Amino acid sequence: MKTWDILADNLKTIGDFSKDTITCKSAQARFNTLLASHHKFDEKSAGASGKRQSYMEKRQFLDELVVLFDEHERDEPKRSREQNDKAQAEESAGKLMRDAALQRMKDRKKGSDGDDHLSERPSMRHKNNVIDLMRDDIEAEGRKRERCGWRRRKSAKSSGNYDFNLAKWSRIALIK
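Everything in the sequence shown is counted per our numbering, starting at 63 for the first residue and increasing by one.
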């Protein structure tokens, strides 16, 4: 439709053109009417082969247009099929690339024992390892503080905090 709209705009700029209110739809309809009438004329003139007919410039242009239009109509399914084949080839290539990428990811994610089940993501494994190390450090720190005289407060609002047990430290200091 865009092409017909451009054609209609170009026809409006021609000074000798009789229709100044031409639209893209009316230009397309007029073109189709001209082609249909020329096809009818060609069929009639093929039957009257013994008669001499005048060959006007309009008929020459219409003959050329009919040839171009028929070639376009004939080649359109081939172009459409080629475009579909190209789109399918691109889609299958994309699917092949996605499958290869997924296979590489699966190969990387295989466990160290070589089993085929997918393990956790590497970032999650690392995160879990860091959390385990932090938990171990906290537990070791708690054991160390308990040995040195720190104890947990029993009150609910300060749970998890440690108080220094002065009495225990004073006994340790006296022993030494």
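We treat Cβ as the ideally placed atom computed from N, Cα and C, and that holds for glycine. Quick caveat, the model's predicted, so the values are computed rather than measured.
Looking at the backbone, the Cα of I68 and that of D82 are separated by about 14 Å. The Cβ atoms of L96 and L73 lie no closer than 8 Å to each other. For the options T85, C86, R121, the alpha carbon positioned closest to that of K102 is the one of R121. A distance below 7 Å between beta-carbons, with the five flanking residues on each side excluded, links D169 to no residue of its chain.
Of the candidates T65, F79, T75, H100, T65 places its Cα closest to the Cα of Q90. A residue is called buried once 16 or more other Cβ atoms fall within 10 Å of its Cβ, and A70 is buried on that count. Proximity to H100 across D78, I76, V128 peaks at V128, based on C-alpha coordinates. Annotation: the continuous alpha helix (DSSP H) that includes K157 extends over 119 to 171.
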